[in-house]
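Mind the numbering: the sequence shown is residues 1 to 223 in my numbering, read in order.
Yeah, the Cβ is synthetic: ideal placement off N, Cα and C, and Gly gets one too.
Owing to the predicted nature of the structure, the values given are computational and were not obtained by experimental measurement.
Scroll down for the structure; my scribbles are underneath it.
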Amino acid sequence: MFKGKKYITFDCYGTLIDWEGGIRKALERLSEKNRFNLDLTNISDKYIQAELEVEAEQYRKYHEVLQLSAKKLLNQMGFDISDKDALEFADSIYNWQPFPETHDVLAELKQKGYKLIILSNIDNEIIKRSIELIGIDFDGVVTAEEVGSYKPAHGHWQEMLKRFNAQKEEVLHVAASYIHDIIPAKEQGFDAIWINRNSEQPTREIKPDLKFKDLRPLPENLF
1 MFKGKKYITF DCYGTLIDWE GGIRKALERL SEKNRFNLDL TNISDKYIQA
51 ELEVEAEQYR KYHEVLQLSA KKLLNQMGFD ISDKDALEFA DSIYNWQPFP
101 ETHDVLAELK QKGYKLIILS NIDNEIIKRS IELIGIDFDG VVTAEEVGSY
151 KPAHGHWQEM LKRFNAQKEE VLHVAASYIH DIIPAKEQGF DAIWINRNSE
201 QPTREIKPDL KFKDLRPLPE NLF
């Protein structure tokens with residue numbers, strides 16, 4: 001289906017790294033430490049909304065976004081945390097783990113000759129640690145810190161095209177977030193695969209070219 005592709009761009013957190021698991025565990029630790037009776041039902045969706053609101057205010061480094069988003073979410077739920085607790089929450093990202101299939105799928109794609117590039121709403125320092133955990137030599141990384149904006153803004157894709165002198169037709173975008181990645185990728189005319197780990201439903205008429213539960217079917221669907 002995807003002939004002529006040279007570049008595969010990936011979102012990182014939620015796609016390659018278990019973002020939701022990392023957020024949930026960090027919130028659970030805060031809850032236990034402070035003896036909060038925290039309702040964890042749909043906590044990831046609630047956190048995403050808080051984070052989107054923080055990111056919409058102005059550009060901040062993602063480490064600060066994590067701190068402010070945790071404070072905002074818990075305040076909305078009737079709890080207050082200290083600056084130290086917010087920092088501890090943000091620092092947890094350095095230990096968020098890759099999904100079980102991430103390394104092997106990426107290694108197979110590298111072997112097939114594709115250039116693998118991360119487009120991430122992240123800081124330069126944090127992504128270095130995550131790449132170490134993934135254990136793959138990526139051909140490029142475009143961060144929010146470099147472009148000064150967060151997806152779903154289009155800056156990451158435009159920087160990637162410029163940096164690699166690439167054409168849209170040569171690029172396939174792979175991501176778990178419908179809002180942050182699939183919608184803006186399709187708006188710009190990129191082919192996109194949705195890694196829909198939680199069986200979500202699209203909130204708009206924009207649809208991905210393909211949809212998988214995880215990364216494993218990816219290599220066999222590229223030619």
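For threonine 102, there is no enclosing beta strand (DSSP E); the residue is found in the alpha helix (DSSP H) stretching over 102-111. The Cβ atoms of valine 54 and serine 69 sit closer than 8 Å to each other.
Burial state of aspartate 83 is exposed, judged by a 10 Å Cβ sphere holding fewer than 16 other Cβ atoms. In the DSSP annotation of this structure, the continuous segment of the beta strand (DSSP E) that includes histidine 173 starts and ends at 171-175.
Nearest in C-alpha terms to isoleucine 17, of all of Lys5, Glu101, Tyr47, is Glu101.
Three or more Cβ pairs closer than 8 Å define a contact, and the stretch 10-27 meets that threshold against the stretch 81-95.
Residues Val142, Glu146, Val147 of the same chain have their beta carbon placed closer than 8 Å to that of glutamate 159, with the five preceding and five following residues left out of the count.
Within its own chain, the residues whose Cβ lies closer than 8 Å to the Cβ of isoleucine 183, once the five positions on either side in sequence are excluded, are Pro152, Arg204, Ile206, listed in chain order.
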